[in-house]
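Below is one structure, written out as structure tokens; comments come after it.
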Amino acid sequence: MPWFTDILNAVVLMCNFMIVPALSYGSQLALGALAVTLVYSVLRFANFAQGDTMAFATVVTILSTWVLQNSGISFGFMPTAILAMPIAVIACLAYVLLIDKFVYEYYRNQNSKPITIVMASVGVMFITGGIVRFVLGPSHQIFSDGARFIITTREFKEMTGLSEGLAIKTSQFLTVTIAIMLVGFVFYFLQKTKTGKAMRAYSDNENLALLSGIDPAKVVRVTWILVAVLTTIAGVLYGLDKGFMAISYHQLLLPTFAAVIVGGIGSPIGAIVGGFVISFSELTMTYAYKKFLIYLLPEALEPSGLVQFLSTEYKFAISFVILVIVLLLRPTGIFKGKVI
Amino acid sequence: MNQYKARLFISFSMMILLLLLVGFFQSWALCLTIVNLCLISAIMALGVNIQWGYAGLFNVGIMGFAALGGMSVVLISKNSVPEALQAGGLKMFIALFILAATVAAAVYLHKKFQRKSLVILTILIGYFITRYFYSDASQSIESVNPALTGYLGGLGLPVLFSWIAGGFLAAAAAWLIGKITLGLRTDYLAIATLGISEIILAVIKNEDWMVRGVKNVTSIPRPVPYEIDLQQTAWFQDMIAKFYSKSLDILPVADQAAALKDYISEASILMVKLSYTGLFTSVLLLLIILATLALNSPWGRMIRAIRDNETAASAMGKDITKRHLQIFVIGSAIVGVAGAMLVTYDGQFTPGSYIPLRFTFLIWVMVIVGGSGNNLGSVIGGFVIWFLWIMAEPVGFWLADLSTSFLNSENFFRQHLLEHAQYIRLIFMGLVLLLVMRFSPDGILPETNKKL
């Protein structure tokens, strides 16, 4: 049945170049978006420093990884960076708490307009970007080690006998598993624990929460702890997958914000869904369907061009267009977030 | 009020003194270069001040609007490339026309029928037709002498027109963004401007048929004479000879001609820079006068009333979204004009040089340090911060060098520090922004008529 193998080949091709990368990119975006949405709902401002803080945490991870590698410690087939991550979480937490203490706390106590705090966060973004570039420079760094693939294309081809292969990178596998575990933990924390409930209450109605004896300082602290964990893990996973470059972390800001707004600002589930909406749209729009169509269409109809909707350089444009469509048609996002 | 006047006097005279010091101790050419870039920065800061200081609108995409201004310089002032126009000009215009028609049709259909399927169908059809014409046209245009042209070229008009065109181009982009995001949450505008500036840059860098992309456009025509022409003009030669007549007379006759030639070539460089200074100063003055008149008019009072209390202003029947849109468009247009002036001054359009640190962030520091809401504040902010930015690089190197001078020159830490010293000024500028915002939110020159 050649037509059946053709369809299978097309499906595998799609999985290899679109679905697997989109799943892992989406998970990375979702974790970052979750951090942004937490800051949004508890501290009430759009944190422009998110991308650069991710870069900061990744830089700490990279440095710790190098130290670990030099002392001969490795993590089997897993990347050493996973071992270095706890150090980075602590460093990132210290950094965001320090920033909160010296920058955001003042504006919070002053009851400043949200836009003033946003501006302060832009200042923090540039300082963080400066620190990142000062420590590691603007160049591309690859810090993943261990086994690169869980399944290589060749193994897959031998296993199934298809002409198309499906490769799963260790980093992609790690991204999806860690993201699922982390998101599960965050949701459990927010829904079931007392502190999580206090956070939700504070986010819903600050005055009422204060009246019922919730300690605002604790809520803020716990939020930053969650943000630091999410930020570090998102940053490291993105770096393991695509390599570290200061500018590309900075540019993650737009898709992250788009994910938050698409899902609905302040809605954690929305942030996750938004992350995947953005990643899947980016990949479906920039994927060249030529080979896929060759498998599926009869020879007479085979396309001559790449059959690509947009070139990959315009991937920001996709998050932006999605953002615009959501703002025009449903400003509250998919899962009704807060408006105005 | 007197205290304000004292501040105004002290800050401006300090700045002038600093610039004079550069002139006396380094060189006048450097001094004028700094002044010219300070003037451009001041105009950009003025545009942002109109948005932030007057209306509290936060624009994180200054870079994009400045790049649009720069692009317009190429589109207006460069000569057209007839071969490219012949090869794909018509098809490209058809593609652009269909694109515009599709967008217009989609908006019309959406408003008239509210049927999403109809809108999506229109967009899809429009996309494929545009795509058909576009890919053909862009390929044939880019293949015309790619090393030198490979683009459509411009209209070949005098370069000064492009300053106006740059303003209009930036205004159009701002209108689009403002129309979508103003009236929603305040931070949506910030996010959308961040996005549009990335997209503008992506388009400029990748659409080679338009402005050559990262291949850069050089030798843009000037609004002022060239040094070489100036050196050969009689009146200029006479003027320099008269000016230096005393120092020339002491020299032996044989050396006089050579010395005069040196003086003339030196003076021609200064003269060109000085003409730019004159042009930029007149634009700045014009904009300041207009902005101040607008700020003190009933319209300006309304804008400030909206900024200070939106609810009260809307209760008085003011259309907040519309006023915000106006302000946003005007401010962005000024940024576009400044962007065009910068490219004119540089004489080349290099999309790779547009980085958010230099364009978005630095301008913000200027506005905040100068004093948001005060037009003269933006000017002094533009001067002070640009001066600091220029001077911070050598100082950063010097600090890095000094603090590690006890280390071996091969030491890894020392080498790393020297190599990355340029990023110190980024951290430094960020600190300046945060410290001023926190401890002196009024800036150098506070807003004069804060109370209505």
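Respectively, the protein sequence lines represent chains F and A. Per the numbering used here, residue 1 is the first one in the first sequence, and the count goes up by one each step. Per the numbering used here, residue 1001 is the first one in the second sequence, and the count goes up by one each step. All residues carry an ideal CB built from backbone N, CA and C; glycine is no exception. Quantities reported herein were computed from a predicted structural model and do not represent experimental measurements.
Buried versus exposed call for residue i [16 or more other C-beta atoms within 10 Å across all chains shown]
| i | result |
| --- | --- |
| A/Ala1291 | buried |
| A/Val1073 | buried |
| A/Pro1394 | exposed |
| F/Ile340 | In this predicted model, F/Ile340 has a pLDDT of only 38, less than 50, meaning its place in the structure is not dependable; the value taken from the coordinates is given anyway. So F/Ile340 ends up on the exposed side. |
| F/Ala258 | buried |
| A/Leu1452 | Note on A/Leu1452: pLDDT 44, under 50, position unreliable in the model; the coordinate value appears next. Exposed. |
| A/Asn1036 | buried |
| A/Trp1398 | exposed |
| A/Ile1334 | buried |
| F/Lys101 | exposed |
| A/Met1316 | exposed |
| A/Tyr1004 | exposed |
| A/Arg1212 | buried |
| F/Lys315 | buried |
| A/Phe1406 | exposed |
Closer than 8 angstroms to chain F by CB, residue i
| i | result |
| --- | --- |
| A/Asn1374 | no |
| A/Glu1227 | no |
| A/Leu1434 | yes |
| A/Thr1186 | yes |
| A/Ala1190 | yes |
| A/Arg1438 | yes |
| A/His1420 | yes |
| A/Leu1155 | no |
| A/Leu1109 | no |
| A/Leu1426 | yes |
| A/Tyr1354 | no |
Min CB distance residue i to chain A below 8 angstroms
| i | result |
| --- | --- |
| F/Arg133 | yes |
| F/Ile334 | no |
| F/Phe149 | no |
| F/Gly137 | yes |
| F/Glu313 | yes |
Nearest neighbour of residue i, chosen from the options [CA to CA]
| i | options | result |
| --- | --- | --- |
| A/Gly1126 | A/Ala1105, A/Lys1111, A/Asn1145 and A/Arg1222 | A/Ala1105 |
| F/Arg108 | A/Ile1264, A/Pro1446 and A/Arg1438 | A/Arg1438 |
| A/Met1092 | A/Val1060, A/Ile1043, A/Phe1058 and A/Glu1142 | A/Glu1142 |
| A/Ile1289 | A/Ala1254, A/Leu1270, A/Asn1375 and A/Tyr1345 | A/Asn1375 |
| A/Thr1218 | A/Leu1075, A/Tyr1423 and A/Ile1043 | A/Leu1075 |
| F/Ala120 | A/Thr1233, A/Leu1431 and A/Asp1442 | A/Leu1431 |
| F/Phe45 | A/Gln1422, A/Leu1030, A/Ala1171 and A/Arg1185 | A/Arg1185 |
| A/Thr1122 | A/Tyr1134, A/Ala1101 and A/Asp1136 | A/Ala1101 |
| F/Leu253 | A/Ala1029, A/Thr1033 and A/Val1060 | A/Val1060 |
| F/Trp224 | F/Lys315, F/Ala91, F/Val39 and F/Phe126 | F/Val39 |
| A/Trp1175 | A/Leu1342, A/Arg1323 and A/Trp1209 | A/Arg1323 |
| A/Gly1070 | A/Leu1157, A/Trp1364, A/Thr1344 and A/Leu1085 | A/Thr1344 |
| A/Ile1303 | A/Ile1220, A/Gly1373, A/Lys1116 and A/Ala1045 | A/Gly1373 |
| F/Gly263 | F/Leu327, F/Arg221 and F/Thr153 | F/Leu327 |
| F/Phe189 | F/Thr177, F/Met125 and F/Val222 | F/Val222 |
| F/Ser203 | F/Asn16, F/Ser41, F/Thr61 and F/Phe4 | F/Ser41 |
| F/Ser304 | A/Leu1099, A/Leu1157, A/Leu1046 and A/Tyr1132 | A/Tyr1132 |
| F/Thr58 | F/Val124, F/Glu313, F/Gly76 and F/Lys242 | F/Lys242 |
| F/His250 | F/Val132, F/Trp3, F/Pro86 and F/Glu105 | F/Val132 |
| A/Leu1417 | A/Ala1254, A/Ile1427 and A/Gly1396 | A/Gly1396 |
| A/Pro1221 | A/Gly1178, A/Ile1098, A/Leu1160 and A/Asn1411 | A/Leu1160 |
Contact list for residue i against chain C, beta-carbon separation under 8 angstroms
| i | result |
| --- | --- |
| F/Gln251 | Absence of chain C from the displayed structure is noted, the protein chains being F and A. |
- Message: Under 8 angstroms, with one C-beta from each stretch per pair, do the stretch 2 to 11 of chain F and the stretch 294 to 304 of chain F reach the 3-pair mark?
- Response: yes
- Task: Evaluate the contact criterion for the stretch 1002 to 1017 of chain A versus the stretch 276 to 295 of chain F: three or more CB pairs, one atom per stretch, below 8 angstroms.
- Result: no
- Interface positions of the stretch 91 to 123 of chain F facing chain A (Cβ-Cβ less than 9 angstroms), listed along the chain: Phe102, Val103, Tyr106, Tyr107, Lys113, Pro114, Ile115, Thr116, Val118, Met119, Ala120, Val122 and Gly123
- Query: For the stretch 199 to 219 of chain F against the stretch 80 to 88 of chain F, are there 3 or more C-beta pairs whose distance is under 8 angstroms?
  - Reply: no
- Message: Can you pull out the residues from the stretch 1114 to 1133 of chain A whose beta carbon lies closer than 7 angstroms to at least one beta carbon of chain F?
- Response: In summary, no residue of the stretch 1114 to 1133 of chain A has a CB separated from any CB of chain F by less than 7 angstroms.
- Query: Are the stretch 179 to 190 of chain F and the stretch 225 to 234 of chain F in contact at 8 angstroms, needing three or more beta carbon pairs?
  - Reply: yes
- Message: For the structure I just gave you, are there three or more beta carbon pairs, one from the stretch 1142 to 1157 of chain A and one from the stretch 1077 to 1093 of chain A, closer than 8 angstroms?
- Response: yes
- Query: At a Cβ cut of 7 angstroms, what residues of the stretch 1037 to 1059 of chain A count as close to chain F, listed as they run along the chain?
  - Reply: Gly1056 and Phe1058
- Message: Would you call the stretch 1025 to 1040 of chain A in contact with the stretch 1271 to 1281 of chain A, where contact means no fewer than 3 C-beta pairs closer than 8 angstroms?
- Response: At 8 angstroms Cβ cutoff, the stretches touch.
- Residues in the stretch 1151 to 1181 of chain A with C-beta within 7 angstroms of chain F's C-beta atoms, listed in sequence order? Ile1180 and Thr1181
- Query: Any contact of the stretch 65 to 77 of chain F with the stretch 260 to 270 of chain F, i.e. 3+ C-beta pairs under 8 angstroms?
  - Reply: The stretch 65 to 77 of chain F vs the stretch 260 to 270 of chain F: no contact.
- Cβ contact (3+ pairs, closer than 8 angstroms) linking the stretch 89 to 99 of chain F and the stretch 50 to 58 of chain F: Yes: at least three Cβ pairs fall under 8 angstroms.
- Residues in the stretch 266 to 289 of chain F having any Cβ partner in chain A nearer than 9 angstroms: Listed by position, the residues of the stretch 266 to 289 of chain F near chain A (Cβ gap below 9 angstroms) amount to none.
- Query: At a cut of 8 angstroms, does the stretch 1226 to 1235 of chain A reach the stretch 1380 to 1389 of chain A through at least three beta carbon pairs?
  - Reply: no
- Query: If we count Cβ pairs, one from each stretch, closer than 8 angstroms, do we get three or more for the stretch 1250 to 1262 of chain A versus the stretch 1107 to 1116 of chain A?
  - Reply: no
- Query: Is the stretch 145 to 154 of chain F close to the stretch 167 to 174 of chain F, with three or more CB pairs under 8 angstroms?
  - Reply: yes
- In the stretch 293 to 320 of chain F, which residues sit with their C-beta less than 9 angstroms from some C-beta in chain A, listed in chain order? Under the 9 angstroms Cβ criterion, the stretch 293 to 320 of chain F contributes Gly305, Phe309, Ser311, Glu313, Tyr314, Lys315, Phe316, Ala317, Ser319 and Phe320.
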